[in-house]
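Engineer:
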Amino acid sequence: MGEYDVIVVGGASAGLTAALYTSRQGLNTLVITKDIGGQALLTDEIQNYPGFISISGFELMNRFKEHAEAYGATFVYDEVVALDAPEDSCFVVKTRNAEYTATAVILAFGKTPRDLGVPGEQELKGRGVSYCAVCDGPLFKGKTVAVVGVGEPALDAVNLLSGLAKKVYYVFRTAAPIADEESIANAKRENVEFVPNSVVNRIVGEKTVKALELSNVRDGSHSTLSVDGVFIEMGYVTKTEFLRGVVELNSKGEIIVDKMAQTSREGVFAAGDVTDTPYKQAVISAGMGAVAALSAYNYVQRIRGRHASAQDWKKVKPKTQKQSAPFVITE
Numbered sequence: 015m016g017e018y019d020v021i022v023v024g025g026a027s028a029g030l031t032a033a034l035y036t037s038r039q040g041l042n043t044l045v046i047t048k049d050i051g052g053q054a055l056l057t058d059e060i061q062n063y064p065g066f067i068s069i070s071g072f073e074l075m076n077r078f079k080e081h082a083e084a085y086g087a088t089f090v091y092d093e094v095v096a097l098d099a100p101e102d103s104c105f106v107v108k109t110r111n112a113e114y115t116a117t118a119v120i121l122a123f124g125k126t127p128r129d130l131g132v133p134g135e136q137e138l139k140g141r142g143v144s145y146c147a148v149c150d151g152p153l154f155k156g157k158t159v160a161v162v163g164v165g166e167p168a169l170d171a172v173n174l175l176s177g178l179a180k181k182v183y184y185v186f187r188t189a190a191p192i193a194d195e196e197s198i199a200n201a202k203r204e205n206v207e208f209v210p211n212s213v214v215n216r217i218v219g220e221k222t223v224k225a226l227e228l229s230n231v232r233d234g235s236h237s238t239l240s241v242d243g244v245f246i247e248m249g250y251v252t253k254t255e256f257l258r259g260v261v262e263l264n265s266k267g268e269i270i271v272d273k274m275a276q277t278s279r280e281g282v283f284a285a286g287d288v289t290d291t292p293y294k295q296a297v298i299s300a301g302m303g304a305v306a307a308l309s310a311y312n313y314v315q316r317i318r319g320r321h322a323s324a325q326d327w328k329k330v331k332p333k334t335q336k337q338s339a340p341f342v343i344t345e
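Going by my numbering, 94 is the number at position 80 of the sequence shown; the sequence numbering is gapless.
(1) Mind checking which residues open and close the alpha helix (DSSP H) that includes D170?
(2) Within this structure, are the beta carbons of T277 and A284 separated by less than 8 Å?
(3) Who are K284's beta bridge partners in DSSP?
(4) Quick one: give me the first and last residue of the beta strand (DSSP E) that K181 is part of.
(5) Shortest alpha-carbon distance to D150 belongs to which of Q39, G303, I246?
(6) In angstroms, rounded to a whole number, what distance separates the CA positions of S176 and N205?
(7) Once the 5 residues before and after N264 are set aside, which same chain residues still bring their CB inside 8 Å of it?
(8) Excluding the 5 residues preceding and the 5 following G142 in the sequence, name in chain order all residues of the same chain whose CB lies nearer than 7 Å to its CB.
(9) Less than 8 Å between the beta carbons of G124 and D287, yes or no?
(10) Tell whether a beta-carbon distance below 8 Å holds between T188 and P167.
(11) By Cβ distance, which residues of its chain are closer than 6 Å to H236, with the 5 residues on each side in sequence left out?
(12) Any chance the segment 301 to 316 sits against the segment 32 to 47, with 3 or more Cβ pairs inside 8 Å?
(13) Determine, using beta carbons only, whether V314 and T88 come nearer to each other than 8 Å.
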């Protein structure tokens, strides 16, 4: 048996929900994460999380953390670099600074949006710079926005935003969009303007996004688009290389799970955006985190030779009512 019953890797919707559920079941739970909140921190206002008409990603994620802490979850702020799975029912989780052991592991560290890497992007994240049209599109209803990116995901964002925004600019580097003909045809709407052969040099704004400075890759000309927001669709980076050979990954580097959040390695579970679920939403990640936690609980109980049950409706007294101060590490 490990020093912890469960180690949760990741501190956003999936990981924090998993930590809440395992802690409520009486499992000694450690959360290892670089920060609290993940991608939710990029959203100033979340309008589609049940129970909150409007709440910032920062506040929602810190409430998640406080809830998990109240039932006994502990936190270490570090980056996991390796997961060893020996044959003695004990996993070794290695971080940049230490090693920890656990009977079960829940992988819930999400995905990282690929940045444009231009001036103004980092400064205006969550203030007009978004990486999720589904999440943040409704915040720009009746406004002017731009989508920057390639392929089907970018055109999907254009199509979604065209039903919300007053004007949508689609900025792409190539002479024509790279996608199937049907997707391109669907994007050709009255309020959509294609801006081909163009790259973003700078995102302009102080408190919020005001404009994009562009250059044309063919003739070298420069232009400026006045916009209220920009949706960056350059894909995501799934940092799962350290898991190759430990759990099965798909071609995108996502962790393959079944309906019980079980990976290909017994005792290792996964939840949220890092998995092969097609829908990347905070509420979905939270639900998956609960499933992973209950599955992990059943696994730990089985290892102990005890009865397990995939449910959580019992009344459990919080170990502490103290509310911790919001704590976020940013890179």
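Glycine is no exception: its CB is placed at the ideal position from the N, C-alpha and C atoms.
It should be emphasised that the depicted structure is a prediction, and the values quoted were computed from it without experimental measurement.
Structural biologist: Reading off the structure:
(1) 165 to 176
(2) Yes, the Cβ-Cβ distance between T277 and A284 is below 8 Å.
(3) Checking the displayed sequence, the identity of residue 284 turns out to be Ala instead of Lys. Note: A284 sits in a beta bridge opposite L121.
(4) 181 to 185
(5) I246
(6) If I take the Cα positions, the gap works out to 7 Å.
(7) I270, D290
(8) Contacts found: G219, T222, V223, D242, G243, V244.
(9) yes
(10) no
(11) S229
(12) yes
(13) Their beta carbons are not under 8 Å apart, which means V314 does not touch T88 by this criterion.
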